[in-house]
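First the structure, in the form of structure tokens, and then the observations on it.
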Amino acid sequence: MIEQIEALISEEEITIRVNELAKEIEKDYEGLPITLIGTLTGAIFFLTDLSRKINLQQEIDFLKASSYGDGTTSTGDVRLILTPKLQVEGRHVILIEDIVDTGYTSAFLVGFLEFHKPASLKLCALLSKPDRRVVHGVNIDYLGFSIPDEFVVGYGLDCAQKYRNLPFIGVYRNEVT
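Okay, structure coming up:
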């Protein structure tokens with residue numbers, strides 16, 4: 636088997652879009668402190684870069700959920716593995732996701748955070764695959780890129796824990812030779 640990765644979104648395109656998203660967030664939350672809650676492990680690079688570009692008082696925390704295991708398709712069974720340590724109640728929370736695919740995980744996490752009564756809650760996702768959406772009604776308030784229904788790696792996204800460190804987002808293909 637030969638693994639191939641074809642570039643889909645360049646490092647430069649990611650940098651430009653992260654800067655634009657940071658400006659949108661600054662405008663929407665002008666003068667307010669925000670709490671960024673990143674989904675581990677895929678959103679770590681996105682959260683880090685985005686946070687450094689947002690010129691607002693902010694706190695950062697994490698949560699971790701899984702519906703993939705080590706496979707390339709969602710099982711639909713979302714498991715919460717790590718919850719935020721910060722209190723969510725009364726805070727302006729932005730959930731930072733690497734990708735909204737089927738919508739199972741995002742819907743689950745938004746519901747979990749809403750249960751804890753934030754002052755406001757918005758979803759920021761680097762990527763969205765609208766053609767794969769199973770759970771409709773997942774509102775992405777800040778979106779980096781809409782992409783086709785391809786399995787992607789890089790910039791935090793992985794395949795069985797590999798390729799997270801790629802500075803770009805690429806389509807992963809596993810071909811039999």
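Sequence positions in the sequence shown follow the numbering used here and run 636 to 812.
C-beta atoms are modelled at their ideal positions from N, C-alpha and C, and glycine is treated no differently.
Just so we're clear, the structure is a prediction, and the values are computed from it rather than from any experiment.
Is it right to say I716 is buried, meaning 16 or more other beta carbons lie within 10 angstroms of its own, or is it exposed? Translated into the one-based positions of the sequence shown, residue 716 becomes position 81. Exposed: under 16 other Cβ atoms inside 10 Å.
Compare the C-alpha of Y664 against each of L748, L744 and Y777 and name the closest. As a first step, residue 664 must be located in the sequence shown, where it is residue number 29. Of L748, L744 and Y777, the residue nearest in Cα terms is Y777.
Alpha carbon to alpha carbon, what distance is there between V735 and L758? Your numbering for residue 758 matches position 123 in the sequence shown. Your numbering for residue 735 matches position 100 in the sequence shown. Their Cα atoms are separated by approximately 10 Å.
According to the neighbour-count rule (16 or more other Cβ atoms, all chains shown, within 10 Å of its Cβ), is A642 buried or exposed? Here the question's residue 642 lines up with position 7 in the sequence shown. Result: exposed.
Length at least 4, wholly inside the region 722-787: the alpha helix (DSSP H) runs in chain order: 739-750
Which residue wins for smallest C-alpha separation from D696, given the options E749, V728, F750 and N690? Locating residue 696 in the sequence shown gives position 61, counting from the first residue. Selected option, being the one with the closest Cα: V728.
Strictly by DSSP, which residues pair up with R714? Walking along the sequence shown from the start, residue 714 turns up at place 79. DSSP lists S701 as partners of R714.
Roughly how many angstroms lie between the CA atoms of R808 and Q692, to the nearest whole one? Numbered from 1 along the sequence shown, position 173 holds the residue referred to as residue 808. Numbered from 1 along the sequence shown, position 57 holds the residue referred to as residue 692. Answer to the nearest angstrom: the Cα atoms are 41 Å apart.
Quick check: what's the CA-CA separation for R687 versus L667? Sequence index remark: in the sequence shown, residue 687 carries index 52 (1-based). Sequence index remark: in the sequence shown, residue 667 carries index 32 (1-based). So the two alpha carbons sit approximately 16 Å from each other.
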